[in-house]
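Protein sequence lines correspond, in order, to chains A and B.
Sequential numbering from 55 applies to the first sequence in the numbering used here.
Sequential numbering from 189 applies to the second sequence in the numbering used here.
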Amino acid sequence: MIAASGAAVSFPALSLLIILPIIGSVLVALLSERRAEYVKLAALLTSVATGAISLWVLAAFETHDAGFQFVSRHPWIEPWGISWHLGIDGISLFLVVLTGVLFPLVIAGIDPHHDEKRYLAWLLLLEAGVMGSFLSLDLVLFFLFFEIVLVPMYFLIGGWGYDNRIYAATKFFLYTMFGSAFMLVGIVATALLARNDLGYVTFDLVTLAEKSSFATDTARWLFMSFAIAFAVKVPVFPLHTWLPDAHTQAPTGGSVILAGVLLKMGTYGFLRFGLYLFPEAAVWARPLFLTLATIGIIYGAIAATMQTDLKRLVAYSSVAHLGFIVLGTFAFTDQALTGGVMQMVNHGVSTGALFLLVGMIYERRHTRVIAELRGLQQVAPIFAAAFMVVMLSSIGVPGLNGFVGEFLILIGSFSTARWWVVIAATGVILAALYLLWAYQRVFHGEPDEANSSFAELKPREGALLAVFIAAIVFTGLYPKPMLERIEPSVKKLIEHVEERSDYTQPEIEHSEGEG
Amino acid sequence: MVELAWLIPALPLVGFLTILLFGRRLGDPKAGLFAALMPAASFLVTAFVYFDLLSREAEERHHVITLFSWVPVGSLHIDMAFLVDPLSVTMALFITGIGSLIHFYAVGYMHGDPKFSKFFLYLNLFVFSMLMLVLGENLLVTFLGWEGVGACSYFLISFWHTRDSAATAGKKAFVTNRVGDWGVMIAMFLAFTTVGTVSYSGINEAAEMGHLAPVTATAIAMMLFIGACGKSAQLPLYLWLPDAMEGPTPVSALIHAATMVTSGVFLMTRVNPVLKVSYDWAPTTIATIGAITALFAATIAVAQNDIKKVLAYSTVSQLGFMFLAVGSGAYVAAIFHMVTHAFFKALLFLGSGSVIHGMHHEQDMRRMGALRKVMPITAFTFIIGWLAIAGVPPFAGFWSKDEILLFAFANNRALYVIGVVTALLTAYYMTRQVIMVFYGEARWNDHSDDHGAHGDFKPHESPKIMLLPLVVLAVLSAVGGVMQLPFSKSTHFLEHWLEPVIEFGEADIKKTWAYDNKWLLLGLAVVVALVGIMASIAVYSKKKAKAIEPPILADAWRYDSAVSSFVGGPGKAAFHALALFDAKVVDGAVNGAGNVTRSTSGVVRKVQTGFVRSYAVILSIGVLLVLAWFLFRGVSA
Numbered sequence: 055m056i057a058a059s060g061a062a063v064s065f066p067a068l069s070l071l072i073i074l075p076i077i078g079s080v081l082v083a084l085l086s087e088r089r090a091e092y093v094k095l096a097a098l099l100t101s102v103a104t105g106a107i108s109l110w111v112l113a114a115f116e117t118h119d120a121g122f123q124f125v126s127r128h129p130w131i132e133p134w135g136i137s138w139h140l141g142i143d144g145i146s147l148f149l150v151v152l153t154g155v156l157f158p159l160v161i162a163g164i165d166p167h168h169d170e171k172r173y174l175a176w177l178l179l180l181e182a183g184v185m186g187s188f189l190s191l192d193l194v195l196f197f198l199f200f201e202i203v204l205v206p207m208y209f210l211i212g213g214w215g216y217d218n219r220i221y222a223a224t225k226f227f228l229y230t231m232f233g234s235a236f237m238l239v240g241i242v243a244t245a246l247l248a249r250n251d252l253g254y255v256t257f258d259l260v261t262l263a264e265k266s267s268f269a270t271d272t273a274r275w276l277f278m279s280f281a282i283a284f285a286v287k288v289p290v291f292p293l294h295t296w297l298p299d300a301h302t303q304a305p306t307g308g309s310v311i312l313a314g315v316l317l318k319m320g321t322y323g324f325l326r327f328g329l330y331l332f333p334e335a336a337v338w339a340r341p342l343f344l345t346l347a348t349i350g351i352i353y354g355a356i357a358a359t360m361q362t363d364l365k366r367l368v369a370y371s372s373v374a375h376l377g378f379i380v381l382g383t384f385a386f387t388d389q390a391l392t393g394g395v396m397q398m399v400n401h402g403v404s405t406g407a408l409f410l411l412v413g414m415i416y417e418r419r420h421t422r423v424i425a426e427l428r429g430l431q432q433v434a435p436i437f438a439a440a441f442m443v444v445m446l447s448s449i450g451v452p453g454l455n456g457f458v459g460e461f462l463i464l465i466g467s468f469s470t471a472r473w474w475v476v477i478a479a480t481g482v483i484l485a486a487l488y489l490l491w492a493y494q495r496v497f498h499g500e501p502d503e504a505n506s507s508f509a510e511l512k513p514r515e516g517a518l519l520a521v522f523i524a525a526i527v528f529t530g531l532y533p534k535p536m537l538e539r540i541e542p543s544v545k546k547l548i549e550h551v552e553e554r555s556d557y558t559q560p561e562i563e564h565s566e567g568e569g
Numbered sequence: 189m190v191e192l193a194w195l196i197p198a199l200p201l202v203g204f205l206t207i208l209l210f211g212r213r214l215g216d217p218k219a220g221l222f223a224a225l226m227p228a229a230s231f232l233v234t235a236f237v238y239f240d241l242l243s244r245e246a247e248e249r250h251h252v253i254t255l256f257s258w259v260p261v262g263s264l265h266i267d268m269a270f271l272v273d274p275l276s277v278t279m280a281l282f283i284t285g286i287g288s289l290i291h292f293y294a295v296g297y298m299h300g301d302p303k304f305s306k307f308f309l310y311l312n313l314f315v316f317s318m319l320m321l322v323l324g325e326n327l328l329v330t331f332l333g334w335e336g337v338g339a340c341s342y343f344l345i346s347f348w349h350t351r352d353s354a355a356t357a358g359k360k361a362f363v364t365n366r367v368g369d370w371g372v373m374i375a376m377f378l379a380f381t382t383v384g385t386v387s388y389s390g391i392n393e394a395a396e397m398g399h400l401a402p403v404t405a406t407a408i409a410m411m412l413f414i415g416a417c418g419k420s421a422q423l424p425l426y427l428w429l430p431d432a433m434e435g436p437t438p439v440s441a442l443i444h445a446a447t448m449v450t451s452g453v454f455l456m457t458r459v460n461p462v463l464k465v466s467y468d469w470a471p472t473t474i475a476t477i478g479a480i481t482a483l484f485a486a487t488i489a490v491a492q493n494d495i496k497k498v499l500a501y502s503t504v505s506q507l508g509f510m511f512l513a514v515g516s517g518a519y520v521a522a523i524f525h526m527v528t529h530a531f532f533k534a535l536l537f538l539g540s541g542s543v544i545h546g547m548h549h550e551q552d553m554r555r556m557g558a559l560r561k562v563m564p565i566t567a568f569t570f571i572i573g574w575l576a577i578a579g580v581p582p583f584a585g586f587w588s589k590d591e592i593l594l595f596a597f598a599n600n601r602a603l604y605v606i607g608v609v610t611a612l613l614t615a616y617y618m619t620r621q622v623i624m625v626f627y628g629e630a631r632w633n634d635h636s637d638d639h640g641a642h643g644d645f646k647p648h649e650s651p652k653i654m655l656l657p658l659v660v661l662a663v664l665s666a667v668g669g670v671m672q673l674p675f676s677k678s679t680h681f682l683e684h685w686l687e688p689v690i691e692f693g694e695a696d697i698k699k700t701w702a703y704d705n706k707w708l709l710l711g712l713a714v715v716v717a718l719v720g721i722m723a724s725i726a727v728y729s730k731k732k733a734k735a736i737e738p739p740i741l742a743d744a745w746r747y748d749s750a751v752s753s754f755v756g757g758p759g760k761a762a763f764h765a766l767a768l769f770d771a772k773v774v775d776g777a778v779n780g781a782g783n784v785t786r787s788t789s790g791v792v793r794k795v796q797t798g799f800v801r802s803y804a805v806i807l808s809i810g811v812l813l814v815l816a817w818f819l820f821r822g823v824s825a
């Protein structure tokens with residue numbers, strides 16, 4: 055069964071992934087402000103150690119095991135059935151690795167403009183929250199981490215952001231809180247209602263998903279209460295307007311983390327808590343979410359085209375890209391879901407890198423307004439080349455990572471959501487339009503005076519981007535290692551849905567020619 | 189040797205990586221020469237593979253090389269694999285052959301450009317992508333190459349990116365092609381959901397065995413054709429190709445004449461069994477669009493004054509001929525014309541590049557004239573290219589065009605007539621170009637000041653490294669017809685060679701009137717070509733009649749400007765409206781709700797406390813909701 059499988063490891067890797075950043079955060083907070091180098095070192099060491107453990111988990115992960123691995127389970131508040139229950143499977147594995155790798159890169163590669171100590175402390179706390187969200191298998195534990203994330207993010211945007219940061223931070227906080235309130239209701243109701251079946255109260259995800267059953271109507275209400283929280287987090291159209299503000303106003307590091315992993319808490323939540331807990335309700339809600347996802351793809355892309363602020367443009371592109379992921383999630387096929395999970399990571403890498411690049415442009419020019427930039431390729435060809443590769447990944451050019459995920463989502467969704475796919479696929483045309491148009495305005499043309507002294511890529515920036523670009527190219531050309539780890543868990547989830555609803559995945563028949 | 193076919197794309201890839209790392213160190217001209225050696229080496233490998241295949245029985249000329257499993261999820265298995273068969277080898281031969289010639293030419297043409305090595309970086313990447321496209325064993329590997337050549341085309345069109353027109357043209361090419369790519373993607377999805385694979389062998393076999401319903405086959409074929417319209421510049425998506433002339437001339441020759449733009453024709457030929465089992469209207473649509481595009485572009489070419497624009501519209505027109513062939517079930521003729529066209533159009537483009545080079549970047553034919561005296565080799569080779577495209581026997585284009593017209597006649601006489609009119613116009617506008625550039629009086633003296641040469645401006649012949657490729661291509665354009673001569677069964681060499689690939693889809697015209705009277709049609713084609721040439725000489729050389737060049741033709745029937753003004757007008761306005769809707773309505777509702785909450789909860793402006801209180805407010809709302817839940821629903825559940 056689910057909880058029992060996986061390597062029996064003696065050392066609590068998953069718990070460490072959460073605790074280490076917390077220790078780091080406390081350590082950074084306690085260190086004296088005057089010893090800035092120690093502060094940075096402490097932050098770097100703890101985040102690197104966390105990243106190393108996440109890579110070790112990746113290496114030790116049983117490829118063909120669909121269940122939760124490295125499970126760690128300790129009773130916490132026993133009377134209420136709340137436990138410290140962590141586990142990792144193919145769906146969360148790469149999100150955890152992405153989180154583990156992204157934070158040290160952000161810490162090493164991007165300096166805040168002031169108050170480094172507090173900035174790093176918040177960042178590490180944020181890491182703990184994100185890790186916890188991806189690893190928790192207990193509803194209360196998950197909710198706790200899901201909410202914890204808001205606090206450091208609020209302070210990062212509010213403290214180190216740009217001109218309109220307070221507005222953006224507050225909007226981000228309240229909007230997400232609004233969603234979470236529904237989820238809290240849902241969580242409590244789920245546990246209490248399940249007691250009728252189980253005879254005891256538990257918030258354990260696996261127990262609830264495998265053993266309890268809800269009346270059809272009830273499950274649908276419960277599903278929607280979770281879904282609202284996740285839809286805000288993703289964000290799904292029309293709940294997306296906090297995102298462009300938060301992204302644009304956040305400091306570069308914050309934007310990278312926000313795009314890289316924070317949004318994925320929503321798409322991941324749909325899979326782990328929506329589909330897994332309420333399979334029948336998720337099938338019922340399909341048309342709604344497929345439609346909203348498709349609207350998001352086209353709408354986000356069109357809105358991105360018309361942005362005048364480069365960072366805002368990238369933010370709107372996220373709305374479109376995450377639409378693809380939601381589409382794949384609600385298509386319920388092996389390819390679409392695997393592609394969706396993969397695309398969560400891909401989007402983190404390529405949009406994260408885009409935000410880095412936009413941040414570098416801002417550092418040099420102190421503007422993000424597209425109309426004030428011009429001809430940068432002429433003065434900084436290597437910088438332009440790096441931007442180009444990342445942009446092509448975002449556009450979804452085959453051979454780079456973005457394409458594999460998008461392609462799998464679309465080809466997988468075609469059998470169950472044909473007409474949505476036909477429309478959603480036009481998003482690839484629009485993606486080319488808004489990114490290439492922006493590229494032309496920023497990088498092509500003859501640089502004017504203000505842009506002619508634009509500095510070429512520095513070694514540290516180059517090293518940072520090289521990691522992203524290596525991931526972009528490798529995943530695009532050889533996605534197999536990733537796919538074969540994601541797929542078993544996805545298959546298992548779909549089987550779970552099939553068992554508990556009248557949905558069956560259409561069988562794709564092989565032609566005789568190529569067995 | 190067949191097993192080594194993976195080397196064919198690998199070598200240009202090595203070239204790309206080498207120049208990426210050492211390009212600047214190698215510099216001008218070493219980086220270019222190194223880059224040119226890569227497709228040349230690929231050509232040698234391809235030639236070996238070709239002879240290896242030739243030595244085998246027809247049914248054994250089909251070899252799959254699997255490198256690794258690329259995208260495997262559930263029932264979807266896509267390999268990074270190559271399909272080595274007569275079709276892919278034919279494509280690879282002329283891509284690497286003409287590709288290396290153009291590389292060498294470019295070493296001379298790009299000499300002195302500050303981004304010399306970068307140019308060859310893109311060029312090698314292009315050749316690699318193009319080879320992936322034709323060697324792909326499945327639609328996805330082809331699509332990798334398909335988008336790859338699209339990206340390279342974008343890089344190279346906007347190579348001189350400080351020029352706004354070049355930057356815009358590159359973007360236009362990429363985005364327009366993406367419209368077509370949408371079609372290719374849908375075709376892949378359809379293939380996977382109906383036959384469970386995207387491999388060509390799987391799809392074609394399903395079609396041949398009757399496992400593919402006509403409606404599905406039609407959908408797949410038409411979706412692929414949308415892709416082909418994008419890549420191969422057919423109506424209504426041809427718009428990007430004339431603008432693509434902003435790129436350096438070797439790029440126009442390689443990408444926008446000889447190789448990339450023929451991808452659509454290749455793709456349709458690759459899946460000819462699918463087209464065969466489609467509803468009849470599918471091939472008819474393809475043939476009709478091809479014929480109309482051919483005529484449409486030819487009328488525009490009549491009134492262009494830019495030396496490259498004439499050739500660009502001519503390319504669109506000739507590609508239309510190839511689709512006329514595809515739609516008529518004349519796959520051999522389509523490939524035949526594709527190859528001969530690659531010879532003579534590459535020759536004509538390189539020739540025009542040589543003229544532009546010698547004229548110090550002048551492209552307006554009204555400022556040329558009499559150049560045969562100062563550029564004898566360029567002129568001589570260009571004239572051979574002209575004879576080939578005009579359809580004068582025994583030059584290559586005559587044979588391939590005639591074969592298409594033969595099938596068109598058997599298939600649909602209205603389309604045949606369009607084809608003949610187009611052939612006439614082709615002879616007419618190409619003669620016009622030759623006269624304006626190489627004959628008549630020298631008009632460049634009047635404009636010598638424009639070139640900064642202060643009166644002593646004199647066009648010059650190009651260096652040897654540029655002339656040698658011209659000579660080789662001239663020879664090929666002259667004798668290329670020997671691949672497929674209509675005299676007897678034994679001279680149908682290309683047909684025998686391609687037979688294993690196209691035999692299912694190829695139309696059988698043996699019992700038609702056209703086939704019985706093919707010598708008559710051949711004779712008519714010669715007459716048509718000569719009439720076109722004579723008419724043009726009468727107008728442009730002897731000045732016996734006034735030239736018919738109405739502005740509407742020079743302006744490409746105003747189609748491009750209509751599309752541009754739609755996109756820039758209502759299109760942009762709609763996009764603006766949506767962005768405004770997002771800011772005012774969607775976000776406005778959120779902020780409105782926020783303001784209401786703020787005033788009702790009496791939260792002070794100070795944010796720290798503000799958000800804490802809001803948190804509290806929302807939490808208490810949550811708790812209230814939980815209570816409500818238990819009061820109204822929980823009891824019954």
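For each residue, glycine too, the CB sits at the ideal point set by N, CA and C.
Item: Should Met319 (chain A) be flagged as near chain B, meaning a C-beta pair shorter than 9 Å?; Value: no
Item: Under 8 Å between beta-carbons, which chain B residues line up against Gly429 (chain A)? List them in chain order, please.; Value: Thr350
Item: Which stretch, first to last residue, makes up the alpha helix (DSSP H) that contains Val449 (chain B)?; Value: From DSSP, Val449 (chain B) is part of no alpha helix (DSSP H); its letter is neither H nor E.
Item: Is the CB of Trp258 (chain B) under 9 Å away from at least one CB in chain A?; Value: yes
Item: Going by Cα to Cα distance, which pick from B:Val716, B:Arg620 and B:Leu289 is closest to Val727 (chain B)?; Value: B:Arg620
Item: Would a C-beta distance cut-off of 9 Å place Met448 (chain B) and Leu455 (chain B) closer than the cut-off?; Value: no
Item: Within 10 angstroms of the Cβ of Ala524 (chain A), are there 16 or more other Cβ atoms? Answer buried if so, exposed if not.; Value: exposed
Item: From Leu149 (chain A) to Val399 (chain A), what distance separates their C-alpha atoms?; Value: 6 Å
Item: If we ignore side chains and look at the alpha-carbon of each, how far apart do Ala281 (chain A) and Ser502 (chain B) end up?; Value: 57 Å
Item: Which one of B:Phe256, B:Val622, B:Leu593 and B:Ala379 has the shortest CA to CA distance from Val459 (chain B)?; Value: B:Ala379
Item: Anything in chain B within Cβ reach of Met360 (chain A), meaning under 8 Å, just list it in chain order.; Value: Phe763, His764, Leu766 and Ala767
Item: Is DSSP giving Ile266 (chain B) helix, strand or coil here?; Value: strand
Item: Report the neighbours of Pro533 (chain A) on chain B: residues whose CB is nearer than 8 Å to its CB, in chain order.; Value: Trp258 and Val259
Item: Measuring alpha carbon to alpha carbon, tell me which residue in B:Ala513, B:Leu661 and B:Val202 is nearest Ile480 (chain B).; Value: B:Ala513
Item: Quick one: which chain A residues come within Cβ less than 7 Å of Glu335 (chain B)?; Value: Val451 and Pro452
Item: Can you find the residues in the same chain that come closer than 7 Å, C-beta to C-beta, to Ala717 (chain B), ignoring five residues on each side of it along the sequence?; Value: Ala578, Gly579, Val580, Ala611 and Ala615
Item: Check each residue of the region 365-376 of chain B: if its Cβ is closer than 9 Å to any Cβ of chain A, include it; give the result in chain order.; Value: Asn365, Arg366, Val367, Asp369, Trp370, Met373, Ile374 and Met376
Item: Alpha carbons only, please: which of B:Phe222, B:Arg213 and B:Arg212 is nearest the one belonging to Gly203 (chain B)?; Value: B:Phe222
Item: For Phe256 (chain B), which three-state DSSP category applies?; Value: strand
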